[in-house]
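Mapping the sequence shown onto this note's numbering, position 81 (from 1) lands on 150, and the numbers just tick up by one.
Backbone N, C-alpha and C fix where the C-beta goes; we use that ideal spot for every residue, glycine too.
Take a look at the structure below.
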Amino acid sequence: MGGHLAVNRATLRQILLSDLDETVHYGARLTRYVTAPSGGVTANFADETSATGDVLIGADGVNSVVRRQYLPQAQVVDAGLRLLYGKVSLASDQDRRAVPPELLSLWTTVVGPRRRFVGLAPAQYRQPMREATGRVAATIELGDDNDYRDRSALCLRIRVELTEMVDDSTQTRAACH
């Protein structure tokens with residue numbers, strides 16, 4: 070087991086969003102927000118609806134409406150770098166044997182032409198997802214932790230994009246397992 074603590078983001082997201090089914094809504098485009106003197110915040114959306122709460126989390130990416138309003142002087146600067154990164158699950162003994170021991174605790178970066186990078190890190194979870202979650206969130210019904218393996222179309226698209234990202238002329242092979 071490497072020296073890094075690996076957390077399954079999909080599982081963490083499920084835990085954080087549990088019991089918020091009526092509170093969190095997807096698909097609305099934020100246009101602006103207004104802070105109240107009392108400390109609350111109202112988010113206004115393109116469909117002319119709004120939502121009021123105690124906190125607004127601006128996790129809306131590089132073209133963030135929240136950042137543009139909160140820090141209007143901040144400029145996005147494209148450094149010309151592109152990075153695709155992820156963790157490779159080593160859930161089984163067979164998976165772990167496939168990786169040289171010296172790479173089990175390392176972040177590996179592959180540098181391609183035109184300042185493009187691919188970063189991969191092996192992820193070894195100390196406990197199965199359901200067991201670990203059961204200790205901290207026993208009442209939460211989790212989705213399948215191997216769902217990503219069934220997304221063959223996504224894997225094919227990632228393989229194509231990785232190939233183009235590293236070198237358009239290289240026949241890079243990216244495995245989806």
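Practice task
Provide the residue(s) that pair with residue 181 in DSSP beta bridges, ordered along the chain.
Solution key: The residue labelled residue 181 in the question sits at position 112 within the sequence shown. The partner list for residue 181 (beta bridge, DSSP) reads 185.
Problem - DSSP state of residue 202 mapped onto helix, strand, coil - result: For the purposes of this step, residue 202 is taken as residue 133 along the sequence shown, with counting starting at 1. DSSP places residue 202 in helix when its eight states are reduced to three.
Practice task
Indicate the three-state DSSP secondary structure (helix, strand or coil) for residue 86 in the structure shown.
Solution key: As a first step, residue 86 is located in the sequence shown; it is residue number 17 there, counting from the start. It is helical.
Exercise for the section: Would you mind stating whether residue 211 and residue 186 have Cβ atoms separated by less than 9 Å? Expected result: Residue mapping note: residue 211 aligns to position 142 of the sequence shown, counting from 1. Residue mapping note: residue 186 aligns to position 117 of the sequence shown, counting from 1. Taking 9 Å as the Cβ cut-off, residue 211 and residue 186 do not qualify as a contacting pair.
Handout entry: Cβ shell of residue 150 (< 6 Å), same chain only, five flanking positions each side left out
Key = Here residue 150 refers to the residue found at position 81 when the sequence shown is read from its first residue. Excluding residues within five positions, the ones whose Cβ falls inside 6 Å are 184.
Practice task
With a threshold of 8 Å, establish whether the CB of residue 149 neighbours any heavy atom of the ligand SAH.
Solution key: Among the components of this structure there are no ligands whatsoever, and the ligand SAH is therefore not found.
Exercise for the section: Measure the Cβ-Cβ separation of residue 129 and residue 99 and say whether it is below 9 Å. Expected result: Within the sequence shown, residue 129 is the residue found at index 60, counting from 1. Within the sequence shown, residue 99 is the residue found at index 30, counting from 1. Contact flag set, yes.
Practice task
Just list the beta strand (DSSP E) runs in the stretch 104-169, keeping only unbroken ones of 3 residues or longer that don't cross its boundaries, in chain order.
Solution key: 110-114, 119-122 and 151-158
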